[in-house]
Amino acid sequence: MAGAALGPPGPPGPPVKVLAAQLRLAERGAGGTWELQRAASGRAPLALRAVWMQGTVLEVRRGAEGGTARLQDDSGAFTVLGVERVPQGRPCLSAGKYVMVMGVVRSCSPEPILRAIKMTDLSENPIHKNMWNLEVEDLHRVIP
Numbered sequence: 050m051a052g053a054a055l056g057p058p059g060p061p062g063p064p065v066k067v068l069a070a071q072l073r074l075a076e077r078g079a080g081g082t083w084e085l086q087r088a089a090s091g092r093a094p095l096a097l098r099a100v101w102m103q104g105t106v107l108e109v110r111r112g113a114e115g116g117t118a119r120l121q122d123d124s125g126a127f128t129v130l131g132v133e134r135v136p137q138g139r140p141c142l143s144a145g146k147y148v149m150v151m152g153v154v155r156s157c158s159p160e161p162i163l164r165a166i167k168m169t170d171l172s173e174n175p176i177h178k179n180m181w182n183l184e185v186e187d188l189h190r191v192i193p
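For the sequence shown, this note's numbering puts the final residue at 193, and the numbers step up evenly by one.
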């Protein structure tokens, strides 16, 4: 099993670029990991703790637990917790902004929930949004 090779739980590994639809199918793994299912491509599950996602901000709720944001990528919606407590660069917590989020996976079903580590506004350059699905697809082709 892919998660068994990770050893004892430690800090999250490097974030893996994923789409909401991919993460929605992940299952709980060993040692606090999540197993990203890749059977459709003939590959073993990929163990991960942290992810890199991009999407358009749909809604922001301030206050409780450092605030939450609901985002949408081309494959579905996801929720990010602790958005007011992380580095952001330019302010990016408003509906309509296209943002990058790095976060630790808290839940995957019925829809992904992340605890934010970092957020960045990518709205100024539409290439970020236009290329995101291709970036994720390309990465998953080369991850063993």
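In this text, a Cβ means the ideal position worked out from N, Cα and C, and glycines have one as well.
In this structure, DSSP gives valine 67 a state outside helix and strand, which the three-state scheme calls coil. Judged by DSSP in its simplified three-state form, leucine 163 adopts strand. For leucine 163 against valine 150, the beta-carbon gap comes to about 6 Å, under 8 Å, which counts as contact. When the five nearest sequence neighbours on each side are left out, the beta carbons in the same chain lying within less than 6 Å of the beta carbon of arginine 155 are those of Ile162, Arg164, in order along the chain. Closest in C-alpha terms to glutamine 71, from the list Gly116, Leu107, Ser172, Ser124, comes Ser124. The continuous alpha helix (DSSP H) containing valine 185 extends over residues 176-191. When only Cα atoms are considered, glycine 115 and valine 67 end up about 24 Å apart.
Arginine 98 counts as buried, since at least 16 other C-beta atoms from the protein chains shown sit within 10 angstroms of its C-beta. In the three-state reduction of the DSSP assignment, arginine 92 falls in the coil class, being assigned neither a helical nor a strand state.
Under DSSP, threonine 117 takes part in a beta bridge, and its partners are Arg110, Leu130. Take the alpha-carbon of arginine 77 and the one of arginine 92: they are about 18 Å apart.
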